[in-house]
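Only one structure is covered here, and it is reproduced in the block below.
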Amino acid sequence: MHIIKTVADLRAWREPLWPDGKILSFVPTMGALHEGHLELVRVGLDQADICLPYIFVNPKQFAENEDLAAYPKTLDDDLEKLRSLGIGTVYVPDIAEIYPQNFQTTVTVSDISKPLEGEYRPHFFQGVTTIVCKMLLQCLPEITLLGEKDFQQLQVIRQMVRDLNIPTKINGVETVRDHHGLALSSRNSYLSADDYPIAVQLNKILRKLAFHEINEEQAHQALLDAGFTKVDYCTLCNSHSFKAEGVLDRALVAAWLGDTRLIDNMPVSM
Ligand code: PAF
């Protein structure tokens with residue numbers, strides 16, 4: 128496995144792909160890879176000649192009270208999973224390479240970063256857009272794969288790429304779920320055996336909201352009744368503005384089970 132650690136080595140590896148006419152796809156990750164990430168890689172391999180995943184736990188998208196220290200770090204296991212898919216090269220930069228001393232720049236997408244995730248995690252999208260913008264400029268992939276599981280993140284990155292004319296095509300990949308419909312997430316590893324039956328209610332209650340079987344208030348109450356300790360939001364909104372305006376075509380939820388925050392989303396039945 129070829130592990131690239133520096134921007135200079137990344138560029139040296141990337142440059143010959145242009146004259147060779149090779150299409151590059153890029154899969155941004157923070158590691159702790161699960162089937163959802165592996166599906167992004169499979170799609171990336173399918174849509175391009177070469178797929179480059181990156182693994183970097185980005186401190187700038189975690190607030191001080193969040194789970195950066197506890198975030199699962201499983202590099203050897205991650206590399207093994209990527210190798211088994213036929214990945215030959217992975218970008219795994221160090222923190223000092225990405226955020227050297229005196230790093231001062233942030234990338235902010237204004238309006239659609241503000242509601243929902245932006246309201247409850249105000250630092251989050253700026254951290255994401257700053258790192259993803261840097262990574263895209265470092266390797267200029269023709270295609271970038273992102274999961275629909277983080278749907279607002281996907282749309283915020285699409286907006287950034289459009290606004291800044293970054294020459295990559297952002298392709299969203301459908302959420303991968305376990306056999307109970309729970310959206311796969313690295314944070315699922317925090318769930319205890321007692322949490323799991325509660326966690327799987329998230330997608331079921333959201334589905335009822337998305338199919339207009341219950342309204343937002345009922346969905347909120349159903350989550351609390353199911354055992355979620357707090358609900359940040361459970362709402363129908365427009366999939367471009369993330370506000371309750373115009374066509375309400377996406378259902379999104381964020382709810383807590385103790386210290387674990389789970390999110391999910393799905394299209395609204397029209
Ligand atoms: O979705 C994630 O894992 C992260 O937010 C991303 C896109 C890799 C940026 O750090």
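In terms of our numbering, the sequence shown has 285 at position 158, counting the first letter as 1, and numbering is strictly consecutive. A virtual CB, placed ideally from N, CA and C, is assigned to each residue, including glycine.
Self-check item: Contact the segment 157-176 vs the segment 200-213: 3+ CB pairs below 8 Å
Solution: Counting Cβ pairs under 8 Å, three or more are found: they touch.
Quiz item: Apart from the five residues just before and just after Leu236, which ones in its own chain have a Cβ nearer than 6 Å to its Cβ?
Solution: One-based indexing of the sequence shown puts residue 236 at position 109. The residue you asked about is not Leu; residue 236 is Val in the sequence shown. Annotation for Val236: Thr256, Val283, Gln286 and Met287 place their beta carbon closer than 6 Å to its own, counting only its chain and skipping 5 residues before and after.
Self-check item: Residues of its chain near Ser316, where Cβ-Cβ distance is below 6 Å and the 5 sequence neighbours each way are ignored
Solution: Residue 316 sits at position 189 when you count from the first residue of the sequence shown. Excluding positions up to five away in sequence, the list reads Pro199.
Quiz prompt | Pro180 versus Leu351, Ile130 and Glu191, residue with shortest Cα-Cα distance | solution = In the sequence shown, the residue the question calls residue 180 occupies position 53. Of the candidates Leu351, Ile130 and Glu191, the one whose C-alpha sits nearest the C-alpha of Pro180 is Ile130.
Exercise. Could you check if Met393 is buried or exposed, using at least 16 other CB atoms within 10 Å of its CB as the buried criterion?
Key: One-based indexing of the sequence shown puts residue 393 at position 266. With 16 or more Cβ atoms within 10 Å of its Cβ, Met393 is classed as buried.
Quiz prompt | Burial state of Lys276 (16 or more Cβ within 10 Å) | solution = Taking the sequence shown and counting its residues from 1, one reaches residue 276 at position 149. Per the 10 Å Cβ criterion, buried.
Practice problem: State buried or exposed for Asp352, treating a residue as buried only when at least 16 other CB atoms are found within 10 Å of its CB. | Solution: Start at 1 with the first residue of the sequence shown, and residue 352 comes out as number 225. Residue environment analysis places Asp352 among the exposed positions, since fewer than 16 neighbouring C-beta atoms fall within 10 angstroms of its C-beta.
Quiz item: Which of helix, strand or coil does DSSP assign to Gly148?
Solution: The sequence position of residue 148 within the sequence shown is 21, counting from 1. Coil at Gly148, not helix or strand.
Quiz item: Should Leu363 and Val395 be called a contact, given that it needs their Cβ atoms to be closer than 8 Å?
Solution: What you label residue 363 is simply residue 236 of the sequence shown in a count that begins at 1. What you label residue 395 is simply residue 268 of the sequence shown in a count that begins at 1. Yes, the Cβ-Cβ distance between Leu363 and Val395 is below 8 Å.
Quiz item: Taking the continuous beta strand (DSSP E) assigned at Arg388, which residues delimit it?
Solution: Numbered from its first residue, the sequence shown carries residue 388 at position 261. Per DSSP, Arg388 belongs to the beta strand (DSSP E) from Thr387 to Pro394.
Self-check item: Delimiting residues of the alpha helix (DSSP H) encompassing Ala349
Solution: Position 222 of the sequence shown, counted from the start, is the residue given in the question as residue 349. Boundaries of the alpha helix (DSSP H) harbouring Ala349: Glu343 to Ala353, taken from the DSSP string.
Quiz item: Between Cys178 and the rest of its own chain, which residues show a CB-CB distance below 7 Å, the 5 nearest in sequence each way excluded?
Solution: If you number the sequence shown from 1, residue 178 lands on position 51. Spatial neighbours of Cys178 in its own chain (CB-CB distance under 7 Å, excluding positions within 5 residues in sequence) are listed in chain order as Ser152, Val154, Val168, Gly171, Leu172 and Ile214.
Quiz item: For ligand 1, is there a heavy atom less than 7 Å away from the beta-carbon of Met393?
Solution: Translated into the one-based positions of the sequence shown, residue 393 becomes position 266. Checking every heavy atom of ligand 1 against the Cβ of Met393, none is found closer than 7 Å.
Quiz item: Between Ala175 and the rest of its own chain, which residues show a CB-CB distance below 7 Å, the 5 nearest in sequence each way excluded?
Solution: The residue you call residue 175 lines up with position 48 of the sequence shown. Non-local beta-carbon contacts of Ala175 in its own chain, meaning distances under 7 Å to residues more than five positions away in sequence, involve Ile150, Leu151, Ser152, Glu269 and Ile270 in chain order.
Practice problem: Check whether the Cβ of Gln188 sits closer than 7 Å to any heavy atom of ligand 1, and report yes or no. | Solution: For this step, residue 188 is matched to residue 61 along the sequence shown. Checking every heavy atom of ligand 1 against the Cβ of Gln188, one is found closer than 7 Å.
Self-check item: Option in Cys260, Ala382, Leu264 and Arg141 with minimal Cα separation from Ala326
Solution: The residue you call residue 326 lines up with position 199 of the sequence shown. That would be Ala382, whose Cα lies nearest to the Cα of Ala326.
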